[in-house]
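*Asks:* Residue numbers (my numbering): 1 to 440.
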C-alpha cells in the first residue's frame, strides 16, 4: 500500500460531511509473594519436563552482558524451541545490537536463532545453532482432549532469573473479551516465566506463559497456536535481518480483522435521553461508567470508558487496539456563559498531540462542524503515522454536541495501528452513530 501524502489527511474533512454538508510493555509485572508448596503431582510433572526447559537470554553483542531473560521449551529433537515473541523482540527488531542464547536446567549454554514469529499471539519459534545432541522434547495435548473447568495445570519457567520452577494452578476457561484466545490460568506467573510451558498432569503442553494480571490471575496462549507455528516454521531459514517488515505484515492482517469485527458488532441502544451516542457492546471491549454530581452549582457529568483488553506488543510499544469514551454534561446551574467556557475547555486533543514522537510522526488534525439531521456537532479528526510500520496509523476523533446552551455530550474514539482506508472507515462509522434519540 502506498503511503498517502500528508495533504490527504484533509480529505477527512470532506468525509465528515457524511453527505449532509459540513459547516495512545511487555507483559511482565511486579513479582508476587512466595508461592505455596507444590503437590507431589507438580513435582512429578516438573521432574519429567526439567530436561526440556530452557532459559532464553538476550545479550548485548558488544559486552555480552545480559539484557533480558525469559523461558522456553524444546519441541523437537532437532533443537526447535518455543517461547514468546516479547522475549525475543529485541533480537528480532535489532539483530545488530543483540543476540540470543539458551541455558538448560543443567547449565548447558549455546546460541539460538529466530526462525518464525507470531506477533499476534505473542509467540516465536527458535532453533539451537549449531545443532546440539538430540534433545528430549515436550509434546502438545491434542484438540480432541479438551480441558475441563478446574483441571490442574502446571506452569514452568525461570522466574526472576533465580532458577527453574513449577507453579501449580487451575484451568478456568478462555479469558473473556480477549480478541485472540487466551487461557485464564488461576496461578501466579512471575517475570522470567514468559515463554515457558504450562502442562497437564500427563506432562503435555496445553499453553504458553504470557502475562500475569494479579494474584492467582494469569494468562496463557493456547498450545494449538504454538503447534501451528512449529509446523509452519520447522524448515524455514533463520531470520537474520530486522523483523520490522514481518511485524508490519502481521499487524496489517490484524487491523483488517479488527476493523471488520468492530464494525459488525454495532453500538448499544438508548445511551442518552436526547441523543444516540456511540458506545460499543461489551464483547471484546471492557466498559466502565462513573457519575459526578456537582454539589455547589458546578458542572455535573456522567462518563463511560470502553477499552480493549488486547494490545499487540510490538517491541518498544503496543498497538492494534481501540477505545471510546463519552461524557454527558449538565451545567444548568452554571448558566449559558460559564457552561460554554467549561464545556469548551473539556474539548481538546492535547493528549493525542502530546504522545511521544519517537515511533510516530507529528499528528495532523482537522476541525469542522457537521450537521447530523439537524444535530450540530463540532468534530476534530487527528492522524499520525508509524515510522517503522509503513501504511499504519493512529487516529483520534473528538465530537461535541452543540444544540443546547447548558448541556451536551462529548465523545472520543481512539484507533491504534490501522491502515489509512480503515482509519477513514472507522471514523465515518463512529460519526454516523451520533444523532437524535427516537424519543426526542
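The C-beta atom is built at its ideal place from N, Cα and C for all residues, glycine as well.
Among 233, 408, 113, whose alpha-carbon lies nearest the alpha-carbon of residue 130?
*Replies:* Residue 130 sits at position 130 when you count from the first residue of the chain shown. Ranking the options by Cα distance to residue 130, first place goes to 113.
*Asks:* Is residue 3 buried or exposed, if buried means 16 or more other CB atoms sit within 10 Å of its CB?
*Replies:* Walking along the chain shown from the start, residue 3 turns up at place 3. Low per-residue confidence applies at residue 3: pLDDT is 44, beneath 50, and the placement is therefore not dependable, though the value from the model is reported in the following sentence. Residue 3 should be labelled exposed.
*Asks:* Using alpha carbons as the reference points, say which of 399, 240, 330, 323 lies closest to residue 417.
*Replies:* Within the chain shown, the letter at position 417 stands for residue 417. Considering only alpha carbons, the answer is 323.
*Asks:* In its own chain, which residues sit with a C-beta less than 6 Å from the C-beta of residue 394, not counting the 5 before and 5 after it?
*Replies:* Translated into positions along the chain shown, residue 394 becomes position 394. The answer, listed in chain order, is 384, 416.
*Asks:* For residue 82 versus residue 73, is the C-beta distance shorter than 7 Å?
*Replies:* For the purposes of this step, residue 82 is identified with residue 82 of the chain shown, where counting begins at 1. For the purposes of this step, residue 73 is identified with residue 73 of the chain shown, where counting begins at 1. Yes, the pair counts as a contact, with Cβ atoms nearer than the cut-off.
*Asks:* Excluding sequence positions up to five away, which residues of its chain have a Cβ less than 7 Å from the Cβ of residue 425?
*Replies:* For this step, residue 425 is matched to residue 425 along the chain shown. Contacts found: 259.
*Asks:* Ignore the nearest five residues each way along the sequence and tell me which others in residue 403's own chain have a CB closer than 7 Å to its CB.
*Replies:* The residue labelled residue 403 in the question sits at position 403 within the chain shown. Contacts found: 375, 376.
*Asks:* At a cut of 8 Å, does the segment 58-69 reach the segment 215-226 through at least three beta carbon pairs?
*Replies:* The answer is no - the segment 215-226 does not touch the segment 58-69, with fewer than three Cβ pairs under 8 Å.
*Asks:* Classify residue 168: buried if its beta carbon has 16 or more other beta carbons within 10 angstroms, exposed otherwise.
*Replies:* The count along the chain shown starts at 1 and reaches residue 168 at position 168. Flag for residue 168 reads buried.
*Asks:* Flag this pair as yes or no: are the beta carbons of residue 284 and residue 177 separated by less than 7 Å?
*Replies:* Translated into the one-based positions of the chain shown, residue 284 becomes position 284. Translated into the one-based positions of the chain shown, residue 177 becomes position 177. Taking 7 Å as the Cβ cut-off, residue 284 and residue 177 qualify as a contacting pair.
*Asks:* Return the residue from the list 407, 172, 392 that minimises the CA-CA distance to residue 421.
*Replies:* For the purposes of this step, residue 421 is taken as the residue at position 421 of the chain shown. Checked all of 407, 172, 392; the closest Cα to residue 421 is 392.
*Asks:* Less than 7 Å between the C-beta atoms of residue 93 and residue 243, yes or no?
*Replies:* In the chain shown, the residue the question calls residue 93 occupies position 93. In the chain shown, the residue the question calls residue 243 occupies position 243. Cβ atoms of residue 93 and residue 243: closer than 7 Å.
*Asks:* In whole angstroms, what is the alpha-carbon distance linking residue 212 and residue 189?
*Replies:* As a working note, residue 212 is residue 212 in the chain shown. As a working note, residue 189 is residue 189 in the chain shown. Answer to the nearest angstrom: the Cα atoms are 6 Å apart.
*Asks:* Between which two residues does the alpha helix (DSSP H) containing residue 122 stretch?
*Replies:* Residue numbering aside, residue 122 sits at position 122 when the chain shown is read from its first letter. Premise fails: residue 122 is in no alpha helix (DSSP H) and is neither H nor E.
*Asks:* Taking Cβ to Cβ, would you say residue 248 is nearer than 7 Å to residue 115?
*Replies:* The count along the chain shown starts at 1 and reaches residue 248 at position 248. The count along the chain shown starts at 1 and reaches residue 115 at position 115. Taking 7 Å as the Cβ cut-off, residue 248 and residue 115 do not qualify as a contacting pair.
*Asks:* Spell out the partners DSSP gives residue 183 in its beta bridges.
*Replies:* Here residue 183 is taken as the residue at index 183 of the chain shown, counted from 1. According to DSSP, which records beta bridges pairwise, residue 183 is partnered with 174, 220.
*Asks:* Where does residue 376 fall in DSSP's three states?
*Replies:* For the purposes of this step, residue 376 is taken as residue 376 along the chain shown, with counting starting at 1. Note: residue 376 maps to strand in three-state DSSP.
*Asks:* What is the DSSP secondary structure of residue 423, reduced to helix, strand or coil?
*Replies:* Position 423 of the chain shown, counted from the first residue, corresponds to residue 423. DSSP places residue 423 in helix when its eight states are reduced to three.
*Asks:* Please state whether DSSP places residue 239 in a helix, a strand or coil.
*Replies:* For this step, residue 239 is matched to residue 239 along the chain shown. Of the three classes helix, strand and coil, the one that applies to residue 239 here is coil, per DSSP.
*Asks:* Residue 248 lies in the alpha helix (DSSP H); which residues open and close that run?
*Replies:* Within the chain shown, the letter at position 248 stands for residue 248. Where residue 248 is concerned, the enclosing alpha helix (DSSP H) stretches over 244-265.
*Asks:* Could you tell me the distance, in whole angstroms, from the CA atom of residue 437 to the CA atom of residue 269?
*Replies:* One-based indexing of the chain shown puts residue 437 at position 437. One-based indexing of the chain shown puts residue 269 at position 269. Taking the straight line joining both Cα atoms gives about 9 Å.
*Asks:* Can you grab the Cα-Cα spacing for the pair residue 381 / residue 216, in whole Å?
*Replies:* For the purposes of this step, residue 381 is taken as the residue at position 381 of the chain shown. For the purposes of this step, residue 216 is taken as the residue at position 216 of the chain shown. Distance between the alpha carbons of residue 381 and residue 216: 41 Å.
*Asks:* Roughly how many angstroms separate the alpha carbons of residue 427 and residue 326, rounded to a whole number?
*Replies:* As a first step, residue 427 is located in the chain shown; it is residue number 427 there, counting from the start. As a first step, residue 326 is located in the chain shown; it is residue number 326 there, counting from the start. Their backbone Cα atoms lie some 15 Å apart in a straight line.
*Asks:* Could you check how far apart the C-beta atoms of residue 139 and residue 204 are, in whole angstroms? I think they sit under 8 Å.
*Replies:* Start at 1 with the first residue of the chain shown, and residue 139 comes out as number 139. Start at 1 with the first residue of the chain shown, and residue 204 comes out as number 204. Indeed, because the Cβ distance is near 6 Å, the residues count as touching under 8 Å.
*Asks:* Considering only C-alpha positions, which residue in the set 46, 53, 42, 429 is nearest to residue 264?
*Replies:* The sequence position of residue 264 within the chain shown is 264, counting from 1. With distances taken between Cα atoms, residue 264 lies closest to 429.
*Asks:* Could you pull the DSSP bridge partners for residue 404 from this structure?
*Replies:* One-based indexing of the chain shown puts residue 404 at position 404. Beta-bridge pairing links residue 404 to no other residue.
*Asks:* Please return the same chain residues whose Cβ sits closer than 6 Å to the Cβ of residue 302, not counting the five positions on each side in sequence.
*Replies:* Counted from its first residue, the chain shown places residue 302 at position 302. Closer than 6 Å at Cβ, skipping near neighbours: 291, 328.
*Asks:* Indicate whether residue 347 and residue 307 have their beta-carbon atoms separated by less than 7 Å.
*Replies:* On the chain shown, position 347 is the one that residue 347 refers to. On the chain shown, position 307 is the one that residue 307 refers to. Contact: no.
*Asks:* Hey, residue 208 and residue 117: beta-carbon distance below 7 Å or not?
*Replies:* Counted from its first residue, the chain shown places residue 208 at position 208. Counted from its first residue, the chain shown places residue 117 at position 117. No, these two residues do not count as a Cβ contact at 7 Å.
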